[in-house]
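J.: Next up is a structure, given as C-alpha cells.
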Amino acid sequence: MGLPPYATTGQRIWYYSFRVICGLILFFLIAPIITIIPLSFNAQDFFTFTPEMLRLDPAGYSLKHYRAFFGTEGSPGTGLIVGALLGLAVFAALYFWRGSRNVLPIIVGAALGLVIGKMWGIEGTEWMTPLKNSLKIAPVATLISVSLGTLAAIGLSQAHVPFRRAIMAILISPMIVPLIISAAGMYFFYSRIGLQGTYWGVVLSHAALGVPFVIITVTATLVGFDKSLTRAAANLGANPVTTFFRVQMPLILPGVISGGLFAFITSFDEVVVVLFVGSVGQQTLPWQMFTGLREQISPTILAAATVLISISVVLLVTLELLRRRSERLRGMTPG
Amino acid sequence: MTDATGPIVAADGRPLKASLSRALRREKLRAFLLILPLLAFVVISFIAPIFDMLFRSVQDDITSRTLPQTVVALNDWDYTGDARPSEQTYEALYFDMFMAAEAKKHTALGSRLNYETTGISSLFRQTGRGLDDVGEDVIEAMEDASAALDDSAFWAGLFLTDDRSAGDKAASARAWASTVSDQALSLPADVYLANAAEAALPNAARQYAAFAMFTHTVDEDVPAEEDPWEAVWIALAQDLTAGELAYDGPEAAELRAVQAAVAGPMADFTFTDAFLAQDDDWGEASVWGTIQTFSSPYTAGYFLTAIDLELTPDGAQAVEDDVAIYITLFWRTLWMSMTITFSCILLGYPIAWLMANLPDRSANLIMILVLLPFWTSLLVRTSAWKVLLQQQGVINDTLVWIGLVGDGSRLALINNATGTIIAMTHILLPFMILPLYSVMKGIPPSYLRAAKSLGATNWTAFWRVYFPQSVPGIGAGSILVFILSIGYYITPEIVGGTKGVFISNRIAYHISSSLNWGLAAALGTILLVVVLALYWAYDRIVGIDNVKLGG
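Chains F and Y supply the protein sequences, listed in that same order. The numbering used here numbers the first residue of the first sequence as 1 and each following residue consecutively. The numbering used here numbers the first residue of the second sequence as 1001 and each following residue consecutively.
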C-alpha cells in the first residue's frame, strides 16, 4: 500500500500519522523488553538510567549483576571441553560412517557440556539452583507431552475418530482453564495422592500444561501430510512401525519440534502451578524471579531477565527456521 | 455377467459391506488406541484435579466428622433464638470434643466454623484445653474411694480381654473414634473388649475402647500401661450412677465402693454446667446454630460466601457491607478485563491492518516485533513493567525530564489498577494481533479498491466494507484476550497492589494464606464456569481447531 501520487493533503497527513501511530504501538510492544537489557548492565543498584549511563561513560556500566546471577560455582570450562570432545567423537563417527559433514554434534555437545558442567554439584545458590531445577523439570515434562501428544495427534488426524470433538476439548482444556484454577485443583488433588511438593508432581503438572501446544502444532502439521505416502510405504512392504519412523516422522518432525519447543517454554516459564504444586526443592527460575519481584527486588533480576530474553530470541529463530523447512518439505510433497 | 442378485464380495469371499465395516471398526479402534495414553494422562493429571476442586467447593464434612454424636443429638434441637440444647447434646459434645482434642482435630473445626461466626475458633481452643477439668469433683471422689483406679492395669483388666469368643464388641467405638480422629484406629492384635464389662458399663467400655485404640495406634503405647483419659472416668461414673451394677467380675468390689462414693458428686454434676463454666458462649444459640447449620456433609455455604452472602441459622443473608468484597472483586475483574480487551483491540487493530497490507518482507519484520514479546518470559515482561513504572523508574524519569510532570508530582503508575491495565495490555496484545492478522490476511484488497472506485470515501470504504469483514478477527481476539485476562494471577499480584488485583489473587490467598480451601474452590468454580462459557462461545465462533500459535 503505497501513497498514490494524486493523494490529497488530508490523505497524506492521515497516511503519515497512521504510520507514526503504528510506530508508537510497536514501540510500546518492544521498548519495555529492550529497556531491560541496558539497565541490566547498570554499575549501580538502581532501576533507572544513571547520569553516567546516559553519558555512555564506561564507568556507568558493569557486569556485576551477571556475576551475581551466574556465581562462580560449578566447572563450565571442564564441561565445555568434555562436551565438545564427545561431540567431536560423534561427528567423527558420522563422518566415517555416512560421510556427513554436519558439525551440529560438536556445537550441541559443547553447549550441553557447558550448561551441565556449570550446574554440576551446585546447591543452595540463589539463582543457579533455581535455573538447575528449571532445567531438570522442563525437558522431562516436554518429553512426556511430546511423546504422548504426537501419538494422540496422529490418532486424532485419522478419518474416523469417535467423539473427536469431546476428546479434543479435553486435551485442549489445560490451555483454556485459567492457570490459577489448574494450580488450585492440582494442589488439592496432588496433596491427596501424595504428589504435592515432589519433583514428579511438578513434572506431571507441567506435562499436562504442555499437551495442548503439542496437539495443536502436530495436528496442524498433519493436515498438510500426504496420506498416500504411508500407503505407498505399506504397499512397498514396510510395517506400520517402519512407516512411522522412516516416512511419517521425518516429514512431521518440524511440527513435533515446534510443539516440543512450545511445551518446553510453557514449563520453563510456568510459575503459578509450580508455586502451589512444588515445594522449596523444586524452586524454579520463574519462581525465584516472582519471589524477588514480590519481596525485595534486586537488580540481579534484570540480568536474569536479559538471559531469558536471549533464550527466547534463540527459540524464536529456531522456530522460524523450522517453519521454513516445514513449508519447503510440504512444497515437495504432491498435493 | 455374474449373478447380479448376490451381494458383492471382497477378494476373500466375505460380503464387501461386512468387510468394509470391519476395516472401519479396526481403523476407529487403532485411532482410539493411539489417543488413549494421552487421554488417560490428561484425565488423571488435569481433569481429576479440576473435579476434585469442584467437589471441595461443596464438601463440608468437618463438623459431622469431628462431632458425630453432637450432630446427631442436635437433630432434635430447634434453633429458635434462645433455647439451649438438651443435656444429652452437651454430653455428646463432651465425649466428641474430648476425643477430638486428643487427636488435635478440634482446632481445625474451630477455624472452619470461625469463617462463619467469629469467636468460635478461640472458644474451641480454650475448651479443648479445659476439658480435663470437667467433673473434677467426680473424679476426685472416685480416686478417694478406691486406690485401684489409679492403677492402669485395673482398667485394662476390667475392659480388655484376650478371649476371642468375646467377638468384636468394639466395632461401634472404633467407627466413632476413627471418624473423629480422622485415621484408622484399632486395638492391639489379640486384644478384645470384655463382654461382661461392655454389658454392665456400656459408656465406660466405649470410652475405654476409644482410649485404648488411640493409645495403641497413634501414641504406639501399650494401653494397659497408660492411665485412661478423664472421659473414661466420667463415663464410668455415669454408668455407676445409672442403676444397679450388674457386674460380678473380680473388680466388682472396687466398683461397688466407687459407686457408693460417686453418687453424691454426680448428683451435682451436669455436662451443661460444666461447659457453661468453661465459657458462657456454650449457652449461646448462635454457636449451636452455627454447628447445626454446618453439620451436613455438603454445603452451599462456600458459594454463598463467594457472592457475599452468608449461611446463618436463619438462612442465607447478605453480609455486612464492610466485609462484602467478592462481588466487588468479580466486577473489578470483569471491567478490568474488558478495559484490557478494549485497549488490545485499539492497539492491535492498526498493527494487524498494517501487517496485512504491507509487502511480505516488511510484514515479516513487524511480525518478529510482535512475536518477540509473545515469546519472552511472562516474568521478564512483568519485571520490566515493575521496573519501568516505579515512582523513580524510567517512565517517570523521562516524563520529569521532558517537563510533563513536576518532580514532586510523579505519577502513581504502579500498585494500582493503572499498572495492571498497562502491563496486561502489553502482555496480551500479541494474542489480539495474531488472530486479527490471520483474518485480515484473508480479506481481498480488491474489495476496498472496488468500494473506492464506486465512489466511497476512504472512511466509508473502510467502515462499510473492510471493518465488517474483520469483525470475526476482533471477536476471536477479544474472547481469547478476555479468557486469558480474567484468570491472570502473576501480573496483578506484582504490579496491582491492592486496588488492581483480580479474583485469582484472592483464590491464591485463600489457598496459601488463609487456608480456606473450600472458599478458594468455590471462587475457582465460579471463575471456571465463566471461562468455560466463553470457551464454548469461542469454539462456536472460531472453532478450537483453528487456534494458531504465532503464525
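Beta carbons are placed, not taken as given, at the ideal position from N, Cα and C, and that holds for glycine.
#1: Checking contacts by CB at 8 angstroms: is residue 1393 of chain Y closer than that to chain F?
#2: At what residues does the beta strand (DSSP E) containing residue 52 of chain F begin and finish?
#3: Indicate whether residue 1377 of chain Y and residue 312 of chain F have their beta-carbon atoms separated by less than 8 angstroms.
#4: Run the proximity test for residue 1483 of chain Y: is its beta-carbon closer than 7 angstroms to any non-hydrogen atom belonging to the ligand ATP?
#5: Step through the CB atoms of chain F and report whether any lies within less than 8 angstroms of the CB of residue 1363 of chain Y.
#6: Unbroken alpha helix (DSSP H) runs of length 4 or more, entirely within the stretch 1091-1166 of chain Y: which are they?
#7: Can you pull the DSSP bridge partners for residue 1318 of chain Y?
#8: Per DSSP, residue 1193 of chain Y is paired with what?
#9: Do you know how far the Cα of residue 238 of chain F is from the Cα of residue 1344 of chain Y?
#10: Is it true that the CB of residue 141 of chain F sits closer than 8 angstroms to the CB of residue 203 of chain F?
#11: Among Y/1335, Y/1511, Y/1480, Y/1358, which has the Cα closest to the Cα of residue 1417 of chain Y?
#12: When you check each C-beta in the stretch 1507-1524 of chain Y against every C-beta of chain F, which residues fall closer than 8 angstroms?
#13: Closer than 8 angstroms is the cut-off here; do at least three beta carbon pairs connect the stretch 1454-1465 of chain Y with the stretch 253-270 of chain F?
#14: Decide yes or no for the touch test of the stretch 208-227 of chain F against the stretch 163-173 of chain F: beta carbon pairs closer than 8 angstroms, at least 3 of them.
#15: Given this structure, state the Cα-to-Cα distance separating residue 100 of chain F from residue 106 of chain F, to the nearest angstrom.
#16: Taking 8 angstroms as the cut-off, decide whether the C-beta atoms of residue 1427 of chain Y and residue 1352 of chain Y are in contact.
#17: Run down chain Y in chain order and give the residues with a C-beta less than 7 angstroms from the C-beta of residue 189 of chain F.
#18: If you measure beta-carbon to beta-carbon, which residues of the stretch 41-58 of chain F are closer than 7 angstroms to chain Y?
#19: Using the Cβ count rule (16 or more neighbours within 10 Å means buried), how would you classify residue 1317 of chain Y?
#20: Is the Cβ of residue 218 of chain F closer than 8 angstroms to any Cβ of chain Y?
#21: Residues of the stretch 1395-1415 of chain Y in Cβ contact with chain F at a cutoff of 7 angstroms, in chain order, please.
#22: Counting only C-beta atoms, is residue 1041 of chain Y closer than 8 angstroms to chain F at any point?
#23: What is the DSSP secondary structure of residue 1183 of chain Y, reduced to helix, strand or coil?
#24: According to DSSP, is residue 42 of chain F helix, strand or coil?
#25: In the structure shown, what three-state DSSP assignment does residue 1298 of chain Y receive?
#26: Between the stretch 1178-1193 of chain Y and the stretch 1282-1301 of chain Y, do three or more beta carbon pairs fall short of 8 angstroms?
#27: Does any C-beta atom of chain F lie closer than 8 angstroms to the C-beta of residue 1375 of chain Y?
#28: Rounded to the nearest angstrom, how far is the Cβ of residue 118 of chain F from that of residue 74 of chain F, given a contact under 8 angstroms?
#29: Just the C-alpha distance for residue 1398 of chain Y and residue 3 of chain F, rounded to the nearest angstrom, thanks.
#30: Cβ closer than 9 angstroms: which chain F residues qualify as neighbours of residue 1426 of chain Y?
#31: Starting from the Cα of residue 1244 of chain Y, find the closest Cα among Y/1264, Y/1143, Y/1200, Y/1226 and give me that residue.
#32: Check whether the stretch 175-183 of chain F touches the stretch 1521-1531 of chain Y, taking contact to mean three or more Cβ pairs, one atom from each stretch, closer than 8 angstroms.
#33: Spatial neighbours of residue 1266 of chain Y within its chain, please: C-beta separation below 7 angstroms, excluding the five flanking residues on both sides.
#34: Inspect the beta-carbon positions of residue 1177 of chain Y and residue 1210 of chain Y and report whether they are closer than 8 angstroms.
#35: Could you name each continuous alpha helix (DSSP H) segment of 4 residues or more that falls completely within the stretch 1215-1303 of chain Y, going from the start of the chain to the end?
#36: Interface residues of chain F around residue 1381 of chain Y at Cβ under 8 angstroms?
T.: Walking through what the data contain:
#1: Yes, contact with chain F.
#2: Premise fails: residue 52 of chain F lies in the alpha helix (DSSP H), 51-54, not in any beta strand (DSSP E).
#3: In this structure, the beta-carbon distance from residue 1377 of chain Y to residue 312 of chain F falls below 8 angstroms.
#4: The ligand content of the structure shown is nil, which means the ligand ATP is not present either.
#5: Closer than 8 angstroms: no.
#6: 1106-1114, 1120-1130, 1136-1145, 1152-1159, all fully within the stretch 1091-1166 of chain Y.
#7: Partner(s): Y/1309.
#8: In the DSSP assignment, residue 1193 of chain Y forms a beta bridge with Y/1160.
#9: Between residue 1344 of chain Y and residue 238 of chain F, the C-alpha separation is close to 52 angstroms.
#10: Yes, the pair counts as a contact, with Cβ atoms nearer than the cut-off.
#11: Nearest C-alpha to residue 1417 of chain Y: Y/1335.
#12: Contact annotation: in the stretch 1507-1524 of chain Y, residues whose CB is within less than 8 angstroms of a CB in chain F are 1507, 1508, 1511, 1512, 1517, 1520, 1521, 1524.
#13: Because the criterion of three Cβ pairs below 8 angstroms is not met, the stretch 1454-1465 of chain Y and the stretch 253-270 of chain F do not touch.
#14: Segments in contact, yes.
#15: One C-alpha to the other measures close to 13 angstroms.
#16: In this structure, residue 1352 of chain Y does not lie closer than 8 angstroms to residue 1427 of chain Y by Cβ.
#17: Result: 1048, 1049, 1052.
#18: So the close ones are 47, 48, 49.
#19: Exposed.
#20: The C-beta of residue 218 of chain F comes no closer than 8 angstroms to any C-beta of chain Y.
#21: Shown in chain order are the members of the stretch 1395-1415 of chain Y whose Cβ falls below 7 angstroms from a Cβ of chain F: 1397.
#22: Yes, its Cβ sits closer than 8 angstroms to a Cβ of chain F.
#23: Per DSSP, reduced to three states, the secondary structure at residue 1183 of chain Y is coil, with no helix or strand assignment.
#24: Residue state, collapsed to three classes: strand.
#25: Of the three classes helix, strand and coil, the one that applies to residue 1298 of chain Y here is strand, per DSSP.
#26: By the criterion of at least three beta-carbon pairs nearer than 8 angstroms, the stretch 1178-1193 of chain Y is not in contact with the stretch 1282-1301 of chain Y.
#27: Residue contact with chain F for residue 1375 of chain Y: present (Cβ-Cβ distance below 8 angstroms to some residue of chain F).
#28: The Cβ separation is near 4 angstroms, so the contact holds.
#29: Using only the alpha carbons, I get a separation of about 35 angstroms.
#30: Under the 9 angstroms cutoff, chain F gives 28, 29, 32.
#31: Closest option to residue 1244 of chain Y, Cα to Cα, is Y/1200.
#32: A contact exists between the stretch 175-183 of chain F and the stretch 1521-1531 of chain Y.
#33: In the same chain as residue 1266 of chain Y, and ignoring 5 residues on each side of it, the C-beta atoms closer than 7 angstroms to its own belong to 1138, 1237, 1241, in chain order.
#34: Going by C-beta atoms, residue 1177 of chain Y is nearer than 8 angstroms to residue 1210 of chain Y.
#35: If we require 4 residues or more, the alpha helix (DSSP H) runs fully inside the stretch 1215-1303 of chain Y come out as 1230-1241, 1252-1267, 1271-1278, 1285-1293.
#36: Near residue 1381 of chain Y (Cβ distances below 8 angstroms), the residues of chain F are 32, 33.
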